[in-house]
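Position 72 of the sequence shown, counted from 1, bears residue number 76 in this note's numbering, the numbering being contiguous throughout.
Quick reminder that beta carbons are idealized off the backbone N, C-alpha and C, glycines included.
Here the structure is a predicted model, which means the values were calculated and not measured.
Beneath this line is the structure, given in structure tokens, with notes to follow.
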Amino acid sequence: MDSLRAVYRFVSWPVTRVVEKTIEVPTKSSGGGYAKLAGVLGATAIAALAYSAHGKNAEKSEERRHTFKSGADIHILHSLALLGVRSSRFPQLTASLLLTGTILFSGTCYYTALSNDNRFVRIAPIGGVTLILAWLSFAL
């Protein structure tokens, strides 16, 4: 009888078991708004970078081109950072700081480079500090 059981164990088919899996379906409240915001911000950043590379830059000084490119670089970097906002403890705060800082910093750079008007140049550092606070808000 023992040999029969041994043969049965050797030849028997493996036992199948039922495993339950939960599929999480993303909802509107799961951060899709941040991805859309990142998409819009990223698209405008790419447009700005394309303009800086292919636009009418011949009449602009090297300093103005550098200012515009700095604004576009910060713009694209923080557009990507918006994709990680959901992982922060306070996503609305982090997203607000990223968006505000990007608009203040990059917007000032764009305006200054395109208009050659330096009246608002002091706003850029405020945008920079806001972006620093946004990155620190990831650590909260």
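**OP:** Please look up how many angstroms separate the CB atoms of Thr134 and Gly105, rounded, as I've assumed it's under 8 Å.
**Re:** 3 Å
**OP:** Kindly indicate which residue of Gln96, Tyr114, Ala54 has the alpha-carbon position closest to the one of Glu67.
**Re:** Tyr114
Original post:
For Arg93, which three-state DSSP category applies?
Top reply: coil
Subject >> Rounded separation between Pro129 and Thr26 - CA only >> reply: 47 Å
Original post:
Exposed or buried, which one is Val89 when buried takes at least 16 other CB atoms within 10 Å?
Top reply: buried
Subject >> C-alpha distance - Lys73 paired with Arg123, whole-angstrom precision >> reply: 19 Å
**OP:** Check each candidate in Asp77, Ser100, Ser119 and name the one with the smallest Cα separation from Leu53.
**Re:** Asp77
Original post:
Hey, how far is the Cα of Ala42 from the Cα of Thr116?
Top reply: 24 Å
**OP:** Run the CB neighbour count on Ser141, radius 10 Å, all protein chains shown included, and call it buried at 16 or more, exposed below.
**Re:** buried
Subject >> Own chain residues within Cβ distance below 8 Å of Ser92, not counting five before or after >> reply: Thr98, Ser141, Phe142, Leu144
Original post:
With burial defined as no fewer than 16 other Cβ atoms inside 10 Å of the residue's Cβ, what is the status of Gly59: buried or exposed?
Top reply: exposed
**OP:** Leaving aside the five residues before and after Leu101 along the sequence, list all residues of the same chain whose C-beta is less than 7 Å from its C-beta, in chain order.
**Re:** Thr134, Leu137, Ala138, Ser141
Original post:
Taking just the CA atoms, how far does Phe109 sit from Leu118?
Top reply: 14 Å
Subject >> Beta-carbon gap between Gly46 and Ile80 smaller than 9 Å >> reply: yes
Original post:
Whole-angstrom Cβ separation of Ala39 and Ser83, contact assumed at under 8 Å?
Top reply: Actually they are not in contact, since the Cβ atoms of Ala39 and Ser83 sit about 11 Å apart, beyond 8 Å.
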